[in-house]
Amino acid sequence: MAEMEGPEKPQLDEQPVAPPAPQPPASQDDPTVETAEEAVEPPEADINELCKDMFNKMSCYLTGELLATCEDYKLLENMNKLTCLKYMEMKDISENISRNLKDLNKTYASLQPYLEQINQIEEQVASLENAAYKLDAYSKRLEAKFKKLEKR
Numbered sequence: 001m002a003e004m005e006g007p008e009k010p011q012l013d014e015q016p017v018a019p020p021a022p023q024p025p026a027s028q029d030d031p032t033v034e035t036a037e038e039a040v041e042p043p044e045a046d047i048n049e050l051c052k053d054m055f056n057k058m059s060c061y062l063t064g065e066l067l068a069t070c071e072d073y074k075l076l077e078n079m080n081k082l083t084c085l086k087y088m089e090m091k092d093i094s095e096n097i098s099r100n101l102k103d104l105n106k107t108y109a110s111l112q113p114y115l116e117q118i119n120q121i122e123e124q125v126a127s128l129e130n131a132a133y134k135l136d137a138y139s140k141r142l143e144a145k146f147k148k149l150e151k152r
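Residue numbers for the sequence shown follow UniProt numbering, beginning at 1 and rising by one.
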């Protein structure tokens with residue numbers, strides 16, 4: 001038989017065989033085949049412009065990051081200063097309290113003899129009051145006896 005263009009016809013004594021799958025022509029999806037378009041590099045001026053643009057954007061980004069970090073450190077510095085001032089105020093207050101407490105203790109120590117005298121006087125008054133109650137009770141008993149004797 002003569003060869004024909006297209007799929008082959010099976011001979012009678014052979015079993016039919018499926019024709020081989022047609023091979024697609026080389027396309028851009030095939031990674032093994034390079035086309036002339038893919039091999040062409042962009043012009044130098046475009047790469048230089050893109051590099052400059054990239055460096056400018058990276059510079060802006062890094063500047064922003066550094067500024068943010070600087071602002072964070074400034075905030076921490078201000079917070080530390082305020083905390084230091086607060087602690088100084090608290091120190092002054094505690095020193096004043098300590099000084100006033102010492103003065104109060106000195107005043108109490110100077111008044112201690114008078115407070116002891118007041119305590120002694122209070123004990124004596126309590127003793128006198130007790131004696132007065134006893135005297136009052138005794139006088140009432142005497143009065144009752146006197147009235148009893150007077151009635152006889």
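Ideal Cβ placement from N, Cα and C applies to all residues, glycine included.
DSSP, read as helix, strand or coil, puts Thr32 in coil.
Per DSSP, reduced to three states, the secondary structure at Arg152 is coil, with no helix or strand assignment. Here the alpha carbon of Lys148 sits roughly 28 Å from the alpha carbon of Glu129. Pairing Arg99 with Ala126, the inter-Cα distance amounts to about 39 Å.
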